[in-house]
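What follows is a set of notes on a single structure, which appears directly below.
Number of protein chains: 2
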Amino acid sequence: MPSELSILIVEDEQDLLELLRYNLAREGYAVRTAATGEDGLKAVRSEAPDLVLLDLMLPGMDGLEVCRTIKGRPHTAEIPVIMLTAKGEESDIVRGLELGADDYITKPFSPRVLMARIQAVLRRSEREAEGVETSLIEAGGVTVDRERHEVHAGGERVDLTATEFKLLSLLASKPARVFTRQQIIEAIHEGFAAVTDRSVDVQVVSLRRKLGTAGKNIETVRGVGYRFRD
Amino acid sequence: MPSELSILIVEDEQDLLELLRYNLAREGYAVRTAATGEDGLKAVRSEAPDLVLLDLMLPGMDGLEVCRTIKGRPHTAEIPVIMLTAKGEESDIVRGLELGADDYITKPFSPRVLMARIQAVLRRSEREAEGVETSLIEAGGVTVDRERHEVHAGGERVDLTATEFKLLSLLASKPARVFTRQQIIEAIHEGFAAVTDRSVDVQVVSLRRKLGTAGKNIETVRGVGYRFRD
DNA sequence: GCGGTTTCATATGTTTTTCACGGAGCATAG
DNA sequence: CTATGCTCCGTGAAAAACATATGAAACCGC
Numbered sequence: 021m022p023s024e025l026s027i028l029i030v031e032d033e034q035d036l037l038e039l040l041r042y043n044l045a046r047e048g049y050a051v052r053t054a055a056t057g058e059d060g061l062k063a064v065r066s067e068a069p070d071l072v073l074l075d076l077m078l079p080g081m082d083g084l085e086v087c088r089t090i091k092g093r094p095h096t097a098e099i100p101v102i103m104l105t106a107k108g109e110e111s112d113i114v115r116g117l118e119l120g121a122d123d124y125i126t127k128p129f130s131p132r133v134l135m136a137r138i139q140a141v142l143r144r145s146e147r148e149a150e151g152v153e154t155s156l157i158e159a160g161g162v163t164v165d166r167e168r169h170e171v172h173a174g175g176e177r178v179d180l181t182a183t184e185f186k187l188l189s190l191l192a193s194k195p196a197r198v199f200t201r202q203q204i205i206e207a208i209h210e211g212f213a214a215v216t217d218r219s220v221d222v223q224v225v226s227l228r229r230k231l232g233t234a235g236k237n238i239e240t241v242r243g244v245g246y247r248f249r250d
Numbered sequence: 021m022p023s024e025l026s027i028l029i030v031e032d033e034q035d036l037l038e039l040l041r042y043n044l045a046r047e048g049y050a051v052r053t054a055a056t057g058e059d060g061l062k063a064v065r066s067e068a069p070d071l072v073l074l075d076l077m078l079p080g081m082d083g084l085e086v087c088r089t090i091k092g093r094p095h096t097a098e099i100p101v102i103m104l105t106a107k108g109e110e111s112d113i114v115r116g117l118e119l120g121a122d123d124y125i126t127k128p129f130s131p132r133v134l135m136a137r138i139q140a141v142l143r144r145s146e147r148e149a150e151g152v153e154t155s156l157i158e159a160g161g162v163t164v165d166r167e168r169h170e171v172h173a174g175g176e177r178v179d180l181t182a183t184e185f186k187l188l189s190l191l192a193s194k195p196a197r198v199f200t201r202q203q204i205i206e207a208i209h210e211g212f213a214a215v216t217d218r219s220v221d222v223q224v225v226s227l228r229r230k231l232g233t234a235g236k237n238i239e240t241v242r243g244v245g246y247r248f249r250d
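First to last, the protein sequences are chains A and B.
Quick note on the working numbering: the first sequence kicks off at 21 and runs consecutively.
Quick note on the working numbering: the second sequence kicks off at 21 and runs consecutively.
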């Protein structure tokens, strides 16, 4: 189905690189590869891929730096980036997400999971590129109507406070994407973040409670943040 | 937020042109430019923008002429035009408005003011495009006749001041939609926003009182704004 | 001066944040 | 595999901050 979508893999381990290339090629993606951060950036600049798979542990310029650069240039900022990280590198994951990475996946991972993530991210970016800025968000049995400021869950209308509403809008607008607490705070307070991480927890709890069964869709990602399950 | 609205700037001063381009691009508008009246018209014809920023002082064909032409052709007449004029060119301003320009702004101006004007004009044109020209609005036991400036609630005729009338028109024109106080202020003052949020509250209170029972249809959405119940 | 409109001060109810603590998840060592 | 220790998260309650309604005063344009 993906007719000619191109993916750039930046990874220095030869074995993993080949495995990824094989799997992605079989799914019909046009695959390019780079083994260092510098080469990766060069490849992005010379011809923008539709998605970048980026290992965080790279010789020389590391993945975080590459991510920051990609997301920093207006020209390439819209290209989705999925980070590959070793387990336990949670602080790196957090930093990566804050630098604008779109998702992450921890090694070791199954090809199936990777494919699912890639497709989710690509679908989202496609929708955004089309400019379908819908004021009506729907995900996991929850609808969020931004224009009316109304939320429905499980057929029932749910009454949320302003903050709860913003929080849900954010999470539900990009299902499956993990948001760090800092990102959530910034989104809710429009840039002025003078608030403890803990307050996000409290909002999440109360949101979960108000959403009833559908509240289970809001998942905690330990050490990282929260996400809305699709 | 403006997802793909395009703006055409017609301006011969290179510096100002770049400043405008930069600011507008940053707000998310697709910007095109032209340096002469002739080029401007050509650009409008080849692909109609959503708004034209038009300098009045242009080499060759001047801004008034361009404006007249745009507003003269049925095809382009609906495109809003904001004129840029030097201070003191008042007779030109008057003529421009007579020719159908939608607003004007005198140089020098602050980017913020310009943005506010642009947004106000775009919003207005959007509303008109949506055909909210209907002069008779009816919702929740209240009728608003824009043509006669009359309001009825619960069978009784209600006497409103100009501001109250505009406020009610706005809210009732899109039942269930929540309007922020800023949106209300901009709508009522047509772009010139130099008023406290609190003053909206006062208008709402007095409107509610005058509407009697039907006043309950105006709901407060805490932390956000007001809406007219459907 | 006179409606009409905005600002101000205040009172009240709600929301949001903080805090403190207990429990859960996870990694490592044994 | 279990124990142990560590960090991170959930949660209730209290404190702090905030938003709105409202009456009255100031302001404005005619």
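Think of the CB as a built atom: it goes at the ideal place given N, C-alpha and C, for glycine as much as any other residue.
Model, not experiment: these values are computed from the prediction.
Proximity winner among the options, relative to residue i (alpha-carbon distances)
i, options, result
"B:ALA140", "B:LEU28, B:HIS209, B:SER111, B:VAL114", "B:HIS209"
"A:ALA68", "A:PRO79, A:ASP165, A:THR53", "A:THR53"
"B:ASP179", "B:LEU134, B:ARG228, B:GLU98, B:VAL86", "B:ARG228"
"A:GLY174", "A:ASP59, A:GLY160, A:LEU71", "A:GLY160"
"A:LEU36", "A:LEU142, A:PRO131, A:THR181, A:TYR246", "A:PRO131"
"B:PRO79", "B:GLU58, B:HIS95, B:ARG93", "B:GLU58"
"B:LEU76", "B:ARG147, B:GLY116, B:TYR246", "B:GLY116"
"A:ARG242", "A:ILE205, A:ALA50, A:ILE113", "A:ILE113"
"A:ALA45", "A:LEU25, A:LYS62, A:LEU61", "A:LEU25"
"A:ALA196", "A:ASP165, A:GLU167, A:GLU176, A:LEU134", "A:LEU134"
"A:ILE99", "A:VAL162, A:GLU33, A:PHE199, A:ARG65", "A:ARG65"
"A:PHE185", "A:THR200, A:VAL164, A:GLN202", "A:VAL164"
"B:LEU28", "B:LEU61, B:GLU47, B:GLN34", "B:LEU61"
"B:ARG166", "B:SER193, B:CYS87, B:ARG143", "B:SER193"
"A:ILE125", "A:LEU119, A:PRO94, A:LYS107", "A:LYS107"
"A:ARG137", "A:ILE102, A:THR200, A:LEU119, A:GLU109", "A:ILE102"
"B:ILE238", "B:ILE204, B:LEU188, B:ALA97", "B:LEU188"
"A:ASP122", "A:THR200, A:LEU39, A:LEU231, A:VAL222", "A:THR200"
"A:ALA97", "A:THR105, A:LEU104, A:VAL86", "A:VAL86"
"A:ILE205", "A:GLU118, A:LEU231, A:LYS91", "A:GLU118"
"B:VAL244", "A:ARG177, A:GLU47, A:THR183", "A:THR183"
"A:THR216", "A:GLU38, A:ARG144, A:LYS91, A:GLN202", "A:GLN202"
Reduced DSSP secondary structure (H/G/I, E/B, other) of residue i
i, result
"A:GLU239", "strand"
"B:VAL30", "strand"
"A:GLU158", "strand"
"A:ALA97", "coil"
"A:ALA227", "Residue identity check: residue 227 of chain A is Leu in the sequence provided, not Ala. Residue state, collapsed to three classes: helix."
"B:ASP122", "coil"
"A:ARG144", "helix"
"A:ARG249", "coil"
"B:LEU25", "coil"
"A:VAL152", "Residue confidence for A:VAL152 is low, a pLDDT of 49 falling below 50, so the modelled location carries little weight; the figure read from the coordinates is stated next. Three-state DSSP puts A:VAL152 in coil, outside helix and strand."
"A:VAL220", "helix"
Assumed close pair residue i, residue j - CB separation to whole angstroms, cut-off 8 Å
i, j, result
"A:LEU190", "A:ALA213", "So it is not a contact: roughly 14 Å between Cβ atoms."
"B:VAL198", "A:HIS172", "In fact, because the Cβ distance is near 15 Å, the residues do not count as touching under 8 Å."
"B:LEU84", "B:VAL30", "Between B:VAL30 and B:LEU84 the Cβ distance is about 12 Å, and since that is not below 8 Å, they are no contact."
"A:VAL162", "A:ALA55", "Contact flag wrong, Cβ pair sits at about 43 Å."
"A:LEU142", "A:LEU39", "The pair is not a contact, with the Cβ atoms about 20 Å apart (cut-off 8 Å)."
"A:VAL224", "A:TYR246", "6 Å"
Beta-carbon neighbours of residue i, restricted to chain A and to distances below 8 Å
i, result
"B:ARG197", "GLU167, ARG168"
Residues that residue i contacts on chain B, provided the C-beta gap is smaller than 9 Å
i, result
"A:ALA182", "VAL241, ARG242, GLY243, VAL244"
The ligand COA heavy atom lying under 7 Å from the CB of residue i
i, result
"B:GLY57", "As far as ligands go, the structure on display features none, and thus does not contain the ligand COA."
List in chain order: all unbroken alpha helix (DSSP H) runs of 4+ residues lying wholly within the segment 160-218 of chain B. 182-193, 201-209
Identify every run of the alpha helix (DSSP H) within the segment 42-93 of chain A, keeping only runs that are complete inside it and at least 4 residues long; order them along the chain. 57-66, 83-92
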